[in-house]
Structures are given as structure tokens and as C-alpha cells.
Amino acid sequence: MSNGKRDTRTAAGRARLMRSIGYLLAIGLVSLVFLFPIYWMLATSLKSRVQTFTLPPVWLFKPTLEHYVQVITERQLFRYMLNSLSVVVSATLVAVLLGTMAAFGFVRLKFRGSKDLAFWMLSTKMLPPIAVAVPLFLMFRQLRLLDTRVGLIWIYAAQALPLAVWLMKGFLSDIPIELEKAAMVDGCSTLGVLRRIVIPLALPGMVATALFCFITLWNEFLFALVLTGTEAKTLPVMAAGIRTRRREIWGEVGALGTCIALPVLAFAVLIQDYLVRGMTFGTVKR
Numbered sequence: 410m411s412n413g414k415r416d417t418r419t420a421a422g423r424a425r426l427m428r429s430i431g432y433l434l435a436i437g438l439v440s441l442v443f444l445f446p447i448y449w450m451l452a453t454s455l456k457s458r459v460q461t462f463t464l465p466p467v468w469l470f471k472p473t474l475e476h477y478v479q480v481i482t483e484r485q486l487f488r489y490m491l492n493s494l495s496v497v498v499s500a501t502l503v504a505v506l507l508g509t510m511a512a513f514g515f516v517r518l519k520f521r522g523s524k525d526l527a528f529w530m531l532s533t534k535m536l537p538p539i540a541v542a543v544p545l546f547l548m549f550r551q552l553r554l555l556d557t558r559v560g561l562i563w564i565y566a567a568q569a570l571p572l573a574v575w576l577m578k579g580f581l582s583d584i585p586i587e588l589e590k591a592a593m594v595d596g597c598s599t600l601g602v603l604r605r606i607v608i609p610l611a612l613p614g615m616v617a618t619a620l621f622c623f624i625t626l627w628n629e630f631l632f633a634l635v636l637t638g639t640e641a642k643t644l645p646v647m648a649a650g651i652r653t654r655r656r657e658i659w660g661e662v663g664a665l666g667t668c669i670a671l672p673v674l675a676f677a678v679l680i681q682d683y684l685v686r687g688m689t690f691g692t693v694k695r
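Okay, structure coming up:
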């Protein structure tokens, strides 16, 4: 009988081991599928022009920075990166700040039609951007905001605001209302509660929301293409025009793609502590 139980435990242990190995293999395969394009882009940016078009592909090579030098000097990378950073960072801050206040109103200040208004804000994300591109162009031309960072900031902020509101609604609803009531009993106003109680507690959620808004706006292309010319052009628009008629310059494309991905990666690394807390915000019931 004891031998039978021991054999059963051994078989169960082997089954668990096989399942663990299967999970690890599946995770490794999925990771390879998603990480290989990133590796290929980075490798292409570090290959010479000859190695880029060599068949079969060259896997071991001496890295070169010639494509990065060309992107920086000939394509004016820093100029367009400054445009993108200034516009996206400003729009993200505006969207997260206004989204937090709007979400606080939806969560705590119940009023007639609040659910309909919240759904309407979310439904604006279903509108194809191309449907409003021409009207916005005409409006910006009248307001003399074409090819300006200020105009692009407000459009980007409006685009990210519904996302910020709905994400912050989830975060703010997990904050105990008793803390706010206690602050009001002590004489704190609604804005004071928002500033002294809600925002400090919801800071991890605000940072997580800022990351999602930043990624969404960093990759935005249509509005930047329609509403900018040369002065406020962003990196995605500049990257779309990097081709030439004579040849494909895949090395510069890879270098530019790597440079575009770096700010998002750096931002995520800098806020990783807040991001982990924000993504797990409210998972532990109080």
C-alpha cells in the first residue's frame, strides 16, 4: 500500500514537472515571438549597408554606429525628438490632471446623468480620428495654431483624456470613502480632500495612467501629420518620410525605430516602482 502511495506521489510530481516545463516552453516561445522584431530592428541599426541586404542574414557582425550618426546629423533627430517629448509630456500631464479631477467627480460627486456622461466620454474613443481631421485643420488654421506645439498639445490632451478618466475611475473607486469623510469633518473642502487625501493615495494609479497615455500619444501619427508642417513635426511623422526613391535605407529605419522606442522604455524603467503599485492598486480588499 505504501509503495502504491509513493508511486502515485511520484507520478503526480512528474506530471507537475512536465506541466511546469510546458509552461516555461510556452512562455519562452511567446517571448521569442514578441522580442524577435525588437532584436531584428536593433541588429539592423548596427549592421553595415552590405550586411543589411546579405542573404542568408548575418548573425555575427561587428557593430557600427554609422546609421545613428546619419539619423542624428542628416535627419535632425534631436529636433524632432524634442518636439515629440515636449508635446507628449505636456499633453500627458494635462490629461492625467484633468482626468483625475473628472474621475473624482464621477466616483464621489454623484449627479444626474453622470453614468451617461462617463459613457459618452468613453464613446469618443470610438470615433475614427480621420473623421475630425479636416474640421480640426480648418479650425486650427483660423486660430493660427497650425504647425505649433501648443495646438498639438491640446489635441493630444483631448485625445488622451477619456482614457485617463476611465483608468482613474477604477483607481479612485478603491480609495476608502471614510478617509475623505474624516477629512471633511475636520473642515477640509472638496478640493482640499482631492489635494491632500485623494491624489497622494492615487499617485501610483496616476503614474500608471500617465504611462498608458504617454505610449498612446508617443505613437500618434494622424493628427501630427495633418496639423504640423516643419516646426512642430513629431518623430512618427519624420520616420514616415525617411524613405528615398533610389534605395531602401533599412539601417537608418532601424536606428530611428530604436531611438523612438528608447524614451518609452526609459520612462517605464524610471517609474517601475510606481507602475507595479499602480497596476496592483485595489487588488487587496480593505
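Throughout, my numbering is defined as the position within the sequence shown, counted from one, plus 409.
In this text, a Cβ means the ideal position worked out from N, Cα and C, and glycines have one as well.
| Item | Value |
| --- | --- |
| Compare the Cα-Cα distances from T533 to each of A611, R428, W575 and report the closest residue. | W575 |
| Which residue's Cα is closest to the Cα of V662: I586, R484, W529, V505? | R484 |
| So I539 packs on L636, CB below 8 Å; how close in whole Å? | That belief does not hold up - the Cβ atoms of I539 and L636 are roughly 13 Å apart, past 8 Å. |
| Could you round the C-beta distance between C622 and A527 to whole angstroms and report it? I think they count as a contact, below 8 Å. | So it is not a contact: roughly 18 Å between Cβ atoms. |
| By a C-beta neighbour count over all protein chains shown, 10 Å radius and 16 as the cutoff for buried, is I430 buried or exposed? | exposed |
| Could you check which residue in L679, F513, A641 has the C-alpha nearest to that of R604? | F513 |
| List the whole-angstrom C-beta distance separating M450 from G666, where the pair is believed to meet the contact cut-off of C-beta under 8 Å. | 5 Å |
| Going by DSSP in three states, C622 sits in which element: helix, strand or coil? | helix |
| Mapping the DSSP letters down to three states, classify Q479 as helix, strand or coil. | helix |
| Taking a contact to mean a Cβ-Cβ separation below 8 Å, would you say F594 touches I624 in this structure? | Sequence check: residue 594 is Val here, not Phe. No, the pair does not count as a contact, with Cβ atoms beyond the cut-off. |
| Among G614, T453, L502, which one has its Cα closest to the Cα of P472? | T453 |
| So, for L531: in the same chain, excluding its five sequence neighbours on each side, which residues have a beta-carbon less than 7 Å away from its beta-carbon? | P571, W575 |
| Among residues of its own chain, excluding the 5 on either side of L552, which ones have a beta-carbon nearer than 8 Å to its beta-carbon? | G560 |
| Use the C-beta contact count for S440: other C-beta atoms within 10 angstroms, 16 or more gives buried, fewer gives exposed. | exposed |
| Please go through the same chain and pick out, in chain order, the residues whose beta-carbon is closer than 8 Å to the beta-carbon of L357, but skip the five residues on each side of it. | The shown model of the chain, from 410 to 695, leaves out residue 357, and the question about it has no answer. |
| Report the rounded CA-to-CA distance for T501 versus A569, giving the unit in angstroms. | 7 Å |
| For a quick check, are the C-beta atoms of T618 and A573 less than 8 Å apart? | yes |
| Ignoring anything shorter than 4 residues or poking outside the stretch 629 to 673, list the alpha helix (DSSP H) runs there in chain order. | 631 to 636, 644 to 649 |
| Which residues in the same chain as K578 place their Cβ atom closer than 8 Å to its Cβ, once the five residues preceding and following it in sequence are excluded? | A512, F515, V516, A527 |
| Can you tell me the Cα-Cα spacing of W563 and A664, whole angstroms? | 30 Å |
| Just the Cα atoms here: how many angstroms apart are L554 and L536? | 23 Å |
| Compute the distance between the beta-carbons of W627 and S495, then report whether it is under 8 Å. | no |
| Please work out which residues of its chain come closer than 7 Å, Cβ to Cβ, to V497, disregarding the five sequence neighbours upstream and downstream, and give them in chain order. | Y565, F623, L626, W627 |
| For I680 and T419, what's the separation of their Cα atoms in angstroms? | 45 Å |
| Out of A542, R521, A648, W659, point me to the one whose CA is closest to R488's CA. | A648 |
| Do you know how far the Cα of S523 is from the Cα of W529? | 10 Å |
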